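Here is the structure we will look at.
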Amino acid sequence: MSRTVRVAAGTVAALACLTACDSGSGSGTTPSSSAPSSSQAAGSGPKVPSPLPTDALLNDPCSVLSASEATQVGLASPGKKDTGQLTGCTWKSTRSDQNSIAIRPLPQNKGGISDIYDQKAQSAYFEPVTIDGYPGVFADIQDGRPSGTCTLWVGVTDQLAVSVIPQIGVGDNKNNPCGLAQKFATAMVGHLKGAA
């Protein structure tokens, strides 16, 4: 595993821990998995227009892009399922093995994208965006954008956010990893809409 991959995976895990672990920090509101608390129901992040199907995303994250959709984004298909601390999928670029995009759905964060919004103060960058009608935000606790890494969070339901993280070692996209993250996320949301 390359250093960039380890740093990005660690960043996702750290932000996931911040959001998941923060609920027990003495704030008095511990969200339950069965019924959202009032603070969770209100949430600081935008709501999704309509929940997207998540079974495939959670059980087979590499299925969120067809082979033709992956090719349109410049990725080799199929992606490789990651089964480490956080389940996800990584696709390699068709141009260079030094370039990849990884996704990680975070079901442990029951507040979805609101959990990411709630951690805005800990983020090195925080830039809201809309992905094919769905709420997204470029945010991470470390700013890897100058070195070709960008984290985009996409709300697919009000209880589930997905991280999209390109890691670009060479080529034009190294200077704009967030643009590539947005292109991938748009294809992913379109695919999930088609599965609805």
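Everything in the sequence shown is counted per the working numbering, starting at 2 for the first residue and increasing by one. We treat Cβ as the ideally placed atom computed from N, Cα and C, and that holds for glycine. Note that the coordinates shown come from a computational prediction; the quantities given were computed from them, not determined experimentally.
Let me check understanding here. Comparing Cα to Cα, which of K194, P79, W154 lies closest to D199?
Coverage of the chain is limited to positions 2 through 197, which leaves residue 199 absent and any answer about it impossible.
For the alpha helix (DSSP H) that contains L181, what are its first and last residues?
DSSP places L181 inside the alpha helix (DSSP H), whose first and last residues are 178 to 196.
How far does the alpha helix (DSSP H) with D56 in it extend, from its first residue to its last?
Looking at the DSSP string, the run of the alpha helix (DSSP H) that includes D56 is 56 to 60.
When you compare each of Q160, A162, L161, N177 to Q168 by their alpha carbons, which one comes out closest?
Taking Q168 as reference, the option from Q160, A162, L161, N177 with the minimal CA-CA separation is N177.
Could you spell out where the beta strand (DSSP E) holding V138 opens and where it closes?
That run of the beta strand (DSSP E) goes 135 to 141.
K86, buried or exposed, once every other Cβ within 10 Å from all chains shown has been counted against 16:
For clarity, residue 86 is Gln in the given sequence; the question names Lys instead. By the neighbour-count definition (other C-beta atoms within 10 Å, threshold 16), Q86 is an exposed residue.
Tell me the rounded alpha-carbon separation between P52 and P147.
Approximately 33 Å between the Cα atoms of the pair.
Applying the criterion that 16 or more other CB atoms from any shown protein chain within 10 Å of the CB defines a buried residue, is D98 buried or exposed?
Around the beta-carbon of D98, fewer than 16 other beta-carbon atoms lie within 10 Å, marking it exposed.
Write down the C-beta distance between T55 and L161 rounded to the nearest angstrom, noting that I regard them as a contact closer than 8 Å.
About 6 Å separates the two Cβ atoms, so the contact holds.
Would you identify the three-state DSSP class for Q123, choosing helix, strand or coil?
Helix at Q123.
Short of 8 Å in beta carbon distance, which residues of its chain neighbour F127, apart from the five on each side in sequence? Order them along the chain.
Short of 8 Å from the beta carbon of F127, and not among the five residues preceding or following it, lie these beta carbons of its own chain, in chain order: K121, V138, F139, A140.
Helix, strand or coil, according to DSSP, for N100 in the structure here?
Three-state DSSP puts N100 in a strand.
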